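Trainee: Have a look at this one.
Protein chains in written order, with the working numbering: chain A, 156 to 779; chain B, 198 to 369; chain C, 19 to 120.
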């Protein structure tokens with residue numbers, strides 16, 4: 156089978172699944188689930204075949220043409236796309252499998268699995284896209300799927316508002332993205348990625364506005380500041396959704412897009428990107444410290460790690476080694492994206508297992524003692540926590556984080572300092588989460604009756620992801636069996652420090668300080684340890700979290716709503732009332748006048764005849 | 198001599214026209230019309246169009262007025278009605294007078310353009326039947342055919358219009 | 019020599035036309051209105067014949083021919099319509115034939 160055919164089938168099979176579910180199996184959740192999981196398996200198989208089979212190709216087809224402007228759909232499958240498709244396939248399949256168990260007693264299973272299939276289709280579209288317009292189309296589709304899935308528990312008001320918020324904030328970012336694409340088209344006459352690469356080689360000057368506007372898309376999709384507010388609220392969706400969309404794949408689409416457009420980057424834009432990422436990482440880590448909901452902790456952790464990836468891109472995208480297809484920054488960001496996908500999905504699915512076991516209890520302070528009740532979940536989540544903390548050599552997170560920190564150290568020491576502090580905070584709140592959830596004694600009824608989920612559906616994905624979290628860090632060498640040599644185009648550019656000793660010491664120090672502090676501060680109790688012992692810090696951190704939301708609400712209420720009311724006035728009263736109905740009424744007046752002529756009296760008609768004849772006479776005689 | 202005859206016939210025509218308009222009884226109006234047609238025929242004779250004069254009597258007086266009288270007798274149950282002098286009448290009179298005034302003044306203005314007043318100096322081509330036939334069957338052949346067709350359609354139309362339609366409710 | 023010129027004949031025609039016109043506007047009986055219409059038609063024939071005579075052409079005369087024919091046909095059809103109307107509305111007074119009013 157041709158590689159383009161494999162790619163096409165991989166792309167279309169989730170779409171087919173979604174359509175079939177929507178049309179025929181709305182009521183039958185079990186069949187819908189089976190179809191969706193089957194399509195996820197097809198996607199995983201196809202993706203892995205393409206990635207590991209060494210097929211690298213580009214193919215495109217023109218969709219429509221309007222004089223000079225043509226829009227085409229096509230695939231650009233290089234090493235970068237191969238990495239992404241492998242992640243999307245594997246993590247997607249694990250999440251689908253997990254959902255079978257997690258959503259087993261949900262009433263709207265068909266809707267859920269349909270939404271998951273639409274999401275897979277849209278994400279694959281972004282991964283495989285070869286031009287910016289096509290990417291934008293699928294970008295919007297991914298936003299739509301996210302909206303659909305966050306709102307799965309549609310009877311809850313908070314879920315409805317969260318999904319609206321996610322979509323609208325994404326839209327704001329997409330507006331900048333679209334303007335960037337249009338500018339790109341205007342300046343270069345093409346939005347095809349390969350053609351853009353050729354147009355900008357040799358250091359041709361690029362306007363700073365273009366990459367910054369395109370970065371707006373990543374701001375929205377990857378939830379960087381100031382458009383980060385939707386991600387914590389998006390936890391209203393079911394946990395598999397959070398795992399797939401808001402941890403591993405959709406939010407990573409922003410990073411992927413940045414790597415795709417790195418040939419358009421200029422130094423000033425990269426500075427902005429770097430600082431945005433760093434600030435987001437720090438802010439999110441600070442907010443995560445005071446969360447009590449287990450999913451919110453993970454959401455802020457995702458925000459923080461995304462900040463890492465964006466900062467890595469900003470740090471290193473200017474440095475491209477000769478003969479390489481990708482820059483150092485892109486490689487570092489993609490590497491962290493990959494390992495993050497594995498361990499974050501693992502953490503989310505693990506938390507899903509916990510939530511499912513505790514009968515949908517999400518407050519960490521009501522859990523505890525689950526190590527004995529759910530050992531597999533506890534061990535796999537421990538692996539995840541160590542991965543995100545960066546335990547040297549054993550976990551994947553160590554290698555990717557180390558690459559980013561090394562890049563920061565050689566490029567920008569200030570950023571390096573902030574990122575190290577953030578790493579300490581990361582370990583702190585992660586260990587806090589693990590300890591509160593799994594150690595101590597059960598603090599509520601639901602915790603004391605917890606149990607593991609089914610093996611095939613809920614525990615197997617955890618095991619797969621745990622293995623990948625351990626071995627996903629080895630990009631070459633004897634232990635690099637996960638990747639083989641298939642992704643060398645990207646992996647070869649990952650920055651490595653010369654001496655590993657300093658790095659190891661630094662990582663161990665980070666782990667020790669963060670983890671130790673957390674261990675000490677949080678005994679197993681109902682109250683937040685930080686709140687009781689350092690109330691000032693707790694209050695400040697809570698305020699930090701609330702401030703953004705408050706600012707946006709104020710802006711929306713005062714500025715946005717008033718503007719909307721003004722537009723409503725213009726539309727209803729001026730346009731619809733005055734112009735549309737006014738014109739119709741004006742014509743109606745003529746009708747009324749004509750109606751008055753019909754008096755039914757023959758003599759009146761004769762008079763009108765006379766008038767007509769006189770006028771004709773006048774015309775003929777040259778009077779008028 | 199012909200002047201006097203002209204004036205006689207002219208007054209006859211005008212007088213009977215006024216009678217048509219003023220008379221309350223419809224039958225009286227029809228008969229006044231008839232008399233007026235005789236006056237017109239006389240005027241035609243003075244204009245040397247003998248054929249047309251005779252045709253006037255035959256067609257108009259003989260057929261059209263007869264038809265009118267027939268329908269009047271068929272339909273008009275009441276004898277007549279009193280036309281009170283009301284506002285519409287006044288306005289109509291005014292408009293009629295205005296029309297007359299306009300026509301007369303335009304005639305008077307264009308008087309110089311009219312051909313010579315001497316009737317005798319122009320050869321009366323309409324005096325012979327031959328000239329009519331000449332024109333009708335060469336220059337005006339198409340109108341003759343069309344008018345024939347028109348008469349056919351009129352006949353058909355009259356037949357259709359006179360039928361009684363069953364099942365239609367009255368508009369009251 | 020007669021001093022009756024074209025002008026006199028045209029005056030007769032104009033006068034007859036105006037009288038017929040006033041008759042159409044004044045009378046309430048549909049049949050009488052129709053008759054006044056015929057009056058107007060006859061007036062136009064007088065004018066035509068007069069012009070034709072004083073110009074020395076045949077066209078006016080021949081045209082009167084056609085007017086005669088058409089007037090006959092028109093009267094036939096018009097009276098048929100009036101009869102049908104009478105059957106429907108039982109009246110031929112114009113001010114009672116006002117079903118189209120408002």
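Every residue, glycine too, gets a C-beta built ideally from N, C-alpha and C. Everything numeric in this text was worked out from a predicted model, so none of it was measured.
(1) Between residue 563 of chain A and residue 552 of chain A, is the Cβ-Cβ spacing less than 7 Å?
(2) Buried or exposed: residue 71 of chain C, going by 16 or more other Cβ atoms within 10 Å of its Cβ?
(3) By the DSSP assignment, the beta strand (DSSP E) with residue 217 of chain A in it spans what residues?
(4) Tell me whether the stretch 217-228 of chain A and the stretch 194-207 of chain A touch, counting them as touching only if at least three CB pairs, one residue from each stretch, are closer than 8 Å.
(5) For chain C, find out if any of its Cβ atoms is closer than 7 Å to the Cβ of residue 332 of chain B; answer yes or no.
(6) Between residue 587 of chain A and residue 673 of chain A, how many whole angstroms is the CB-CB distance? I'm expecting something under 8 Å.
(7) Using DSSP with H/G/I as helix, E/B as strand and the rest coil, what is residue 369 of chain B?
(8) Just mark residue 335 of chain B as buried or exposed, buried being the case when its beta carbon has 16 or more other beta carbons within 10 Å.
(9) Can you pull the chain C residues whose beta carbon is under 7 Å from the beta carbon of residue 289 of chain B, in chain order?
(10) Would you tell me roughly how many angstroms separate the C-alpha atoms of residue 179 of chain A and residue 161 of chain A, rounded to the nearest one?
(11) Give the residues of chain A in contact with residue 49 of chain C, contact being defined as C-beta atoms less than 8 Å apart.
(12) In chain A, what lies closer than 8 Å to residue 219 of chain B by C-beta?
(13) So, for residue 429 of chain A: in the same chain, excluding its five sequence neighbours on each side, which residues have a beta-carbon less than 6 Å away from its beta-carbon?
(14) Would you kindly work out how many angstroms separate the C-alpha atoms of residue 369 of chain B and residue 762 of chain A, rounded to a whole number?
(15) Are the stretch 212-220 of chain B and the stretch 35-52 of chain C touching, with three or more C-beta to C-beta distances below 8 Å?
(16) Quick one: Cα of residue 738 of chain A to Cα of residue 118 of chain C, how far?
(17) Suppose contacts are defined by Cβ-Cβ distances below 7 Å. Is residue 327 of chain A in contact with residue 363 of chain A by that definition?
(18) Hey, is residue 160 of chain C's beta-carbon within less than 7 Å of any beta-carbon in chain A?
(19) Please list the segments of the alpha helix (DSSP H) lying wholly inside the stretch 678-745 of chain A, counting only runs of 4 or more residues, in order along the chain.
(20) Is any heavy atom of the ligand ADP found at a distance shorter than 6 Å from the C-beta of residue 285 of chain A?
(21) Among the residues of its own chain, which have a CB less than 7 Å from the CB of residue 203 of chain B, if the five just before and after it don't count?
(22) Can you tell me where the beta strand (DSSP E) with residue 230 of chain A in it begins and where it stops?
(23) Between the C-alpha atoms of residue 266 of chain B and residue 213 of chain B, what's the straight-line distance to the nearest angstrom?
(24) So, under 8 Å CB-CB, residue 373 of chain A and residue 410 of chain A are touching, yes? Tell me the CB distance rounded to an integer number of Å.
(25) Judging by CA-CA distance, which residue of A/744, A/231, A/760, A/732 is the nearest neighbour of residue 290 of chain A?
(26) Between the alpha carbons of residue 228 of chain B and residue 736 of chain A, how many angstroms are there, rounded?
(27) Taking the alpha carbon of residue 501 of chain A as the point to measure from, which residue in A/775, A/692, A/622, A/776 has its own alpha carbon closest?
(28) From residue 629 of chain A to residue 293 of chain A, what does the alpha carbon distance come to, in whole angstroms?
(29) Which partner residues does residue 225 of chain B have in the DSSP bridge list?
(30) Taking the alpha-carbon positions, what's the residue 263 of chain A to residue 311 of chain A distance?
(31) Residue 765 of chain A versus chain E: which residues are under 8 Å apart at the beta carbon?
(32) Near residue 766 of chain A, which residues of its chain fall below 8 Å by C-beta distance, leaving aside the five closest residues on each side in sequence?
(33) Tell me the DSSP secondary structure of residue 108 of chain C in three-state form.
(34) Measure the C-alpha to C-alpha separation of residue 357 of chain B and residue 347 of chain B and round it to an integer number of angstroms.
(35) Would you grab the beta carbon distance between residue 276 of chain A and residue 170 of chain A for me? Rounded to a whole angstrom, and I think it's under 8 Å.
(36) So residue 351 of chain B contacts chain C; which residues on that side make the cut at Cβ distance below 7 Å?
Mentor: Short version:
(1) No, they are not a contact pair.
(2) With 16 or more other Cβ atoms from the protein chains shown falling within 10 Å of its own Cβ, residue 71 of chain C counts as buried.
(3) Looking at the DSSP string, the run of the beta strand (DSSP E) that includes residue 217 of chain A is 212-221.
(4) Between the stretch 217-228 of chain A and the stretch 194-207 of chain A, the count of C-beta pairs closer than 8 Å stays below three; the two stretches do not touch.
(5) At least one chain C Cβ lies under 7 Å of residue 332 of chain B.
(6) Indeed, because the Cβ distance is near 4 Å, the residues count as touching under 8 Å.
(7) Summary for residue 369 of chain B: the model assigns pLDDT 48, below 50, so the residue's position carries little reliability, and this model does not support an answer.
(8) Looking at its Cβ environment, which holds fewer than 16 other Cβ atoms inside 10 Å, residue 335 of chain B is exposed.
(9) 40, 43, 44, listed in chain order.
(10) A straight-line Cα-Cα distance of about 26 Å links residue 179 of chain A and residue 161 of chain A.
(11) Within chain A, no residue comes near residue 49 of chain C; the closest Cβ sits about 12 Å away, beyond 8 Å.
(12) Chain-order list of chain A residues neighbouring residue 219 of chain B: empty, with the shortest C-beta distance near 17 Å, by a criterion of under 8 Å.
(13) Cβ neighbours of residue 429 of chain A beyond the five flanking positions: 466, 469, 470.
(14) Low per-residue confidence applies at residue 369 of chain B: pLDDT is 48, beneath 50, and the placement is therefore not dependable, though the value from the model is reported in the following sentence. Going from the Cα of residue 369 of chain B to the Cα of residue 762 of chain A covers about 26 Å.
(15) Yes, the stretch 212-220 of chain B is in contact with the stretch 35-52 of chain C.
(16) Taking the straight line joining both Cα atoms gives about 28 Å.
(17) Using a Cβ distance threshold of 7 Å, residue 327 of chain A and residue 363 of chain A do not count as a contacting pair.
(18) Beyond the ends of chain C as shown, which are 19 and 120, falls residue 160 of chain C; an answer cannot be given.
(19) Runs of the alpha helix (DSSP H) inside the stretch 678-745 of chain A: 684-688, 690-710, 716-724.
(20) No copy of the ligand ADP occurs in the structure displayed, which carries no ligand at all.
(21) For residue 203 of chain B, where only same-chain residues beyond five positions count, the Cβ hits under 7 Å are 243.
(22) For residue 230 of chain A, the uninterrupted beta strand (DSSP E) segment begins and ends at 224-232.
(23) For residue 266 of chain B and residue 213 of chain B, the distance between alpha carbons rounds to 16 Å.
(24) With a Cβ gap of about 7 Å, residue 373 of chain A and residue 410 of chain A count as contacting.
(25) Of the candidates A/744, A/231, A/760, A/732, the one whose C-alpha sits nearest the C-alpha of residue 290 of chain A is A/231.
(26) Approximately 60 Å, taken between the alpha carbons.
(27) The candidate whose alpha carbon is nearest that of residue 501 of chain A is A/622.
(28) Using only the alpha carbons, I get a separation of about 32 Å.
(29) According to DSSP, which records beta bridges pairwise, residue 225 of chain B is partnered with nothing at all.
(30) Approximately 14 Å between the Cα atoms of the pair.
(31) Any reference to chain E falls outside this structure, whose protein chains are A, B and C.
(32) If you ignore the 5 residues before and after residue 766 of chain A, its C-beta comes within less than 8 Å of no other C-beta in its own chain.
(33) Three-state DSSP puts residue 108 of chain C in coil, outside helix and strand.
(34) Each residue's Cα considered, the two are about 15 Å apart.
(35) Confirmed, about 4 Å.
(36) Going along chain C in sequence order, the residues near residue 351 of chain B (Cβ under 7 Å) are 91, 94, 95.
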